């Protein structure tokens with residue numbers, strides 16, 4: 308154990324996890340590259356928070372300038388938050404025109420769920436059974452891992468998540484109806500239990516679920532079920548939003564979902580803590596009528612400057628198009644790899660992965676996947692794993708990832724897999 | 308309505324409140340001064356987030372440098388968060404030696420309460436009946452205003468808050484025992500209801516309650532009651548922490564409280580979204596054993612740089628001593644004001660206020676107080692009001708407030724009060 312590791316364990320306390328068997332001490336970042344304390348470079352194929360690249364000078368400059376000028380809260384008038392709100396809502400569908408700024412994706416989902424309560428007068432909530440929406444008390448009820456502290460509440464139900472290799476209903480064609488049927492059952496249960504049904508929350512890319520391949524109309528049957536029951540759909544865009552999937556700016560557009568509430572977080576400020584909730588005016592009206600919501604650090608001039616700079620760079624550098632092009636190249640490269648444990652290669656834009664199973668079957672191979680992640684790190688490429696079985700490589704780099712970066716990743720993974728059974 | 312006000316109402320939605328009858332459009336800040344779009348200067352006697360002063364160059368530089376160098380999450384090793392944790396916990400009492408960084412005071416309290424659950428195995432929580440601890444679903448259960456969305460839970464009980472002019476138990480001497488008796492009753496109720504008792508959360512300055520004058524041993528009886536019941540005390544230092552009260556670095560030291568968990572927020576990063584929870588290792592162990600807590604934007608190299616810079620400036624500029632000295636001068640000036648509605652002048656360091664009542668009695672005068680706040684703003688001094696009755700001036704400026712600033716505030720308030728009945 309290094310001195311830093313020991314000091315960290317002491318002051319940050321027990322069970323403060325790190326990535327990798329031998330944790331990496333990162334000291335500098337630029338674009339898609341990170342450097343450790345020994346000067347070694349790593350290709351960052353994991354981090355989506357530095358959406359437009361580590362240390363992007365336009366974002367740094369925007370934050371530094373605004374910090375030196377003014378950083379106060381949103382109870383004073385300021386052009387910055389208003390202009391950002393107009394620009395951001397302009398990128399969303401009709402009716403999604405009111406922005407509430409918060410600081411983290413967890414805070415965004417925490418209030419989006421309560422907006423659902425306030426707008427419907429009901430308390431029942433639904434998520435998938437292989438997801439994660441954040442870390443507050445309310446939102447952690449959706450985590451698929453350990454039972455939340457304080458126990459699970461009766462008014463949150465979890466429905467079977469879609470899957471690429473093991474589709475609900477037994478086939479890719481049946482999956483959309485089968486997912487909707489799961490939601491319908493959960494709604495019936497919530498109504499029978501007296502909670503009523505307020506909202507369904509989901510990541511439209513189903514990232515934590517393993518980002519299954521889904522057809523564009525996948526959500527139509529579910530959306531009809533939710534609407535018929537008088538509930539709302541919350542699209543958690545923390546992972547797929549801001550052009551990540553290449554073909555669309557938002558994940559919900561990709562699968563033909565029309566959400567009532569959209570939440571966003573991680574990539575929004577390139578690392579400055581900014582998150583937000585966009586919905587219709589009448590939902591905000593219901594929420595604020597019942598609760599005098601205010602968030603000190605949210606929607607400040609600096610938060611707005613950081614978020615605006617991110618949109619500027621996405622546009623100026625054509626990063627959504629880059630995600631589409633490089634993502635296609637990356638997928639093609641990964642698909643050309645040959646290994647008996649590769650069961651599937653899928654994803655969209657710059658969010659792709661390789662699913663590993665026991666050879667010839669569907670049994671997830673989490674240890675194999677974990678070992679591959681470690682060996683990639685040893686060879687200087689940072690990624691992680693995801694999915695219900697922990698058996699899918701999570702490749703989700705900054706959006707400035709290039710074709711050359713993709714080729715280096717694929718070549719390195721090829722070498723790693725060659726040495727593994 | 309100005310164009311900006313109209314645009315703001317449209318894109319930030321209904322019931323997005325502003326301060327003051329005529330909202331102020333602030334465009335620049337420096338030290339204790341804010342300037343509006345027309346170039347008018349305002350003395351900021353309200354904002355505690357810019358703890359070491361608006362736009363402090365050392366904080367701006369620290370954030371800008373670190374943003375340009377590296378800003379990634381805490382699952383990689385980094386010296387910044389470790390060094391900050393060591394420094395911060397070094398300022399807290401024995402055993403309070405493990406830091407969990409988060410982004411907002413709400414997030415800090417949301418996990419502190421769940422730490423209480425995890426450490427005790429019970430769910431009952433207690434706060435005062437005139438408080439505010441934040442805006443997540445869990446934490447909003449403590450808000451004394453409207454019923455939280457989704458209704459009030461049975462496992463949160465609210466006890467009568469101490470008061471300067473209307474002391475619990477009928478006298479200042481009886482108040483400490485009377486407050487403890489309220490807590491004891493709430494514990495009995497929680498146990499009778501089957502929830503058991505996990506934690507008492509309070510701001511040791513009782514800021515929202517109206518910061519009553521309390522003797523140094525005030526918390527001793529309550530602490531004994533909590534300990535005897537096997538519960539924990541959470542000190543919410545979001546308002547009094549970081550030297551604000553002048554005589555002590557933490558509010559809990561001032562009233563002789565020995566907390567099990569300390570939460571902090573607003574002033575910690577001078578406006579960069581940083582907050583934290585400090586407690587004992589075994590409480591963190593219980594919490595993380597039950598929940599794989601991770602917070603993407605928290606404890607990043609930039610968050611640590613901002614928070615470290617704030618400690619640097621507090622120390623280099625002697626701001627705690629400044630708060631003590633200027634606060635004493637400010638209190639003396641306020642006490643020299645004469646008006647039939649001034650019922651009390653109190654506070655500590657740079658958190659002071661004037662309580663207004665109907666002449667000669669104890670009936671709060673919230674409209675009078677609101678009018679005084681408006682007239683101060685018209686004369687270029689920004690403050691607000693607080694307390695159960697909304698009848699106490701809230702004077703809580705950046706810690707670089709000078710004797711001259713205090714004299715300007717007192718003189719302006721004198722002029723304002725002269726024109727009011």
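Protein chains in written order, with our numbering: chain A, 308 to 728; chain B, 308 to 728. We put the CB at the ideal spot given by N, CA and C, even for glycine. None of these values were measured; they are calculated from a predicted model.
Judged by DSSP secondary structure, residue 571 of chain B falls within the beta strand (DSSP E) whose first and last residues are 568–571. Counting only residues of its own chain and dropping the five nearest sequence neighbours on each side, residue 536 of chain B has a CB closer than 6 Å to the CB of 494 and 504.
Every beta strand (DSSP E) stretch that sits fully inside the segment 514–553 of chain A and reaches 3 residues is listed by chain position as 539–543. Residue 577 of chain A sits in a strand when the DSSP states are folded into three classes. Using a CB distance cut-off of 8 Å, residue 601 of chain A counts as an interface residue toward chain B. For the segment 438–465 of chain A, the beta-carbon criterion of a distance under 7 Å to any beta-carbon of chain B is satisfied by 442, 443, 444, 445, 447, 452, 453, 455, 456 and 457. In the DSSP annotation of this structure, the continuous segment of the alpha helix (DSSP H) that includes residue 680 of chain B starts and ends at 673–685. If you draw a straight line from the Cα of residue 578 of chain A to the Cα of residue 544 of chain B, it is about 26 Å long. One Cα belongs to residue 413 of chain A, the other to residue 381 of chain B, and the distance between them is close to 17 Å. Taking a contact as a CB-CB distance under 8 Å, the pair residue 637 of chain B and residue 473 of chain B does not count as one, their CB atoms being some 24 Å apart. Judged by beta-carbon spacing, residue 634 of chain B lies beyond the 8 Å limit of residue 661 of chain B, meaning their Cβ atoms are not closer than that value.
Looking at the DSSP output, residue 660 of chain B shares a beta bridge with B/653. Under the three-state reduction of DSSP output, residue 585 of chain A falls in the strand class. Inter-residue distance for residue 665 of chain B and residue 437 of chain B is about 21 Å (C-alpha atoms, whole angstroms). Residue contact with chain B for residue 701 of chain A: absent (no Cβ-Cβ distance below 8 Å to any residue of chain B). Between residue 692 of chain B and residue 680 of chain B, the CB-CB gap stays under 8 Å.
Just measuring C-alpha positions, the residue of B/357, B/565, B/385 and B/365 sitting nearest residue 378 of chain A is B/357. A direct Cα-Cα distance of roughly 10 Å separates residue 580 of chain A from residue 614 of chain A. According to the DSSP assignment, residue 406 of chain A belongs to the beta strand (DSSP E) that extends over 405–409. Residues of the segment 557–591 of chain A with a C-beta less than 7 Å from any C-beta of chain B: 573, 578, 580, 588 and 591, listed in chain order.
A straight-line Cα-Cα distance of about 8 Å links residue 646 of chain A and residue 728 of chain A.
Residues of the segment 355–380 of chain A whose Cβ lies closer than 8 Å to any Cβ of chain B, in chain order: 356, 357, 361, 362, 364, 366, 367, 370, 371, 374, 375, 376, 377, 378, 379 and 380. Residue 582 of chain B counts as buried, since no fewer than 16 other beta carbons sit within 10 angstroms of its beta carbon. Nearest Cα to residue 650 of chain B within the set B/448, B/451, B/517 and B/576: B/517. Residues of the same chain with a CB within less than 8 Å of the CB of residue 490 of chain A, apart from the 5 flanking positions on each side, are 433, 466, 507, 529, 532 and 533 in chain order.
DSSP places residue 493 of chain A outside any beta strand (DSSP E); the residue lies instead in the alpha helix (DSSP H), whose first and last residues are 482–499.
A straight line joining the alpha-carbon of residue 515 of chain B with that of residue 542 of chain B spans about 14 Å. The beta carbons of residue 549 of chain A and residue 574 of chain A sit about 5 Å from each other, so the pair counts as a contact at 8 Å. By the criterion of a C-beta distance shorter than 8 Å, residue 642 of chain A is surrounded in its chain by 652, once the five residues flanking it on both sides are discounted. DSSP places residue 504 of chain A within a strand segment (E or B) once states are collapsed to three. Cβ-Cβ distances below 6 Å link residue 483 of chain A to 525 and 528 in the same chain, with the five nearest sequence neighbours on each side left out; the list follows chain order. Between the segment 597–613 of chain A and the segment 399–408 of chain A there are three or more inter-stretch CB-CB distances shorter than 8 Å, so the stretches are counted as touching. In the pairwise beta carbon analysis, the segment 440–457 of chain A is classified as touching the segment 418–426 of chain B: at least three pairs are separated by under 8 Å. Rounded to the nearest angstrom, the gap between the Cα atoms of residue 585 of chain B and residue 648 of chain A is 45 Å.
With a threshold of 8 Å between beta carbons, residue 686 of chain A makes no contact with chain B. Shown here for residue 415 of chain B: same chain residues with a beta carbon closer than 7 Å to its own, the five before and five after excluded, namely 409, 570, 571, 572, 582, 583 and 584 in chain order.
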